[in-house]
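Engineer: Input: one structure, supplied below.
Numbering (the numbering used here), first residue to last: 796 to 922.
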């Protein structure tokens with residue numbers, strides 16, 4: 796397997812991939828392996844620590860035990876020690892869009908006559 800640093804040099808990729816953060820994030824998936832990469836996402840390189848988002852706390856604990864192995868693989872892939880620490884964080888939960896409940900202001904009117912008049916005026920206004 797060829798080191799990522801050498802590959803990037805050979806390919807002469809765009810300047811965005813030349814910075815250390817992009818190189819470290821790009822090297823994460825091959826260094827971690829297919830199974831781990833399916834459940835993680837490298838996000839940023841902060842003062843030598845690669846921030847990796849993981850699916851949940853179970854993955855966070857498991858990967859913490861593999862920290863030294865993963866750091867060694869990253870160093871081999873990059874050809875230099877850009878990453879000195881791994882910071883595993885749970886991925887933010889995706890919020891599903893929710894429908895707004897229709898307001899029914901007529902239900903708050905206690906007087907039946909006023910409620911009926913209100914409903915009629917609403918129908919006229921929307922018709």
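In this text, a Cβ means the ideal position worked out from N, Cα and C, and glycines have one as well. Because the structure is a prediction, the values reported are computed rather than measured.
(1) Report the rounded CA-to-CA distance for residue 881 versus residue 845, giving the unit in angstroms.
(2) Alpha carbon to alpha carbon, what distance is there between residue 823 and residue 872?
(3) Starting from the N-terminal side, write out each stretch of the beta strand (DSSP E) that is 3 residues or longer and does not extend beyond the stretch 861 to 885.
(4) Tell me which residues share the same chain as residue 840 and place their Cβ nearer than 8 Å to its Cβ, disregarding the 5 neighbours each side in the sequence.
(5) Grouping DSSP H, G and I as helix and E and B as strand, with all else coil, what is residue 842?
(6) Quick check: the Cα distance between residue 903 and residue 892, rounded to an integer number of angstroms?
(7) Which value, in whole angstroms, describes the spacing of the CA atoms of residue 890 and residue 828?
(8) Which one of 887, 913, 813, 883 has the shortest CA to CA distance from residue 865?
(9) Do the CB positions of residue 835 and residue 848 come within less than 8 Å of each other?
(10) Since residue 857 and residue 885 are thought to touch, with beta carbons under 8 Å apart, how far apart are those beta carbons, to the nearest angstrom?
(11) Once you ignore the five residues that flank residue 852 on each side, which residues in its own chain have a CB closer than 8 Å to its CB?
(12) In angstroms, rounded to a whole number, what distance separates the CA positions of residue 915 and residue 837?
Structural biologist: Well, looking at it:
(1) 5 Å
(2) 9 Å
(3) 880 to 885
(4) 815, 816, 819, 820, 846, 877, 878
(5) coil
(6) 28 Å
(7) 29 Å
(8) 883
(9) yes
(10) So it is not a contact: roughly 13 Å between Cβ atoms.
(11) 885
(12) 58 Å
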